[in-house]
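**Student:**
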Amino acid sequence: MQQFDIPIIHKTYEFYRALHDLQKVIPKMERFTLWQNCENTALQTLAGLLRVGYAPPEKRLEQLASVGINIDMLRVFLRLAVDIKALTPKKCLPLQEKLDEIGRMLGGWIKSLKQK
84 MQQFDIPIIH KTYEFYRALH DLQKVIPKME RFTLWQNCEN TALQTLAGLL
134 RVGYAPPEKR LEQLASVGIN IDMLRVFLRL AVDIKALTPK KCLPLQEKLD
184 EIGRMLGGWI KSLKQK
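In structure tokens, the structure reads:
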């Protein structure tokens, strides 16, 4: 099975693309600090999910917890971007919705692994 067939990986890929597309509207002062951290964390999240797909079952929960931390960090970074007016709430909302969906998918994956 290809890793891109895992729905959460596809959603995270789409989240990063949307995040990257907004780079043009981010003020230069924030582009290389907060926004670069957002992009790096999104890429780490995607990489973490790919690693989970290849990990042995007994190590998946631990790795998914790490991915969950990255998702929480992204939530904080996006909220901060709005608070410092680097991003408007209107432009941030679609990203937050995508991130919430990824978080729900991650929670479902964790729950299914705990039941096994």
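In this text, residue positions in the sequence shown follow our numbering: the first is 84, and each later residue adds one. Yeah, the Cβ is synthetic: ideal placement off N, Cα and C, and Gly gets one too.
#1: Can you give the Cα-Cα distance for I109 and K199, rounded to whole angstroms?
#2: Going by beta-carbon coordinates alone, are R143 and L182 separated by less than 8 Å?
#3: By the DSSP assignment, the alpha helix (DSSP H) with D88 in it spans what residues?
#4: Starting from A125 and walking both ways along the alpha helix (DSSP H), at which residues does that stretch end?
#5: What is the DSSP secondary structure of L157, reduced to helix, strand or coil?
**Tutor:** For this structure:
#1: 44 Å
#2: no
#3: Counting along the chain, D88 falls outside any alpha helix (DSSP H), and DSSP gives it neither H nor E.
#4: L117 to Y137
#5: helix
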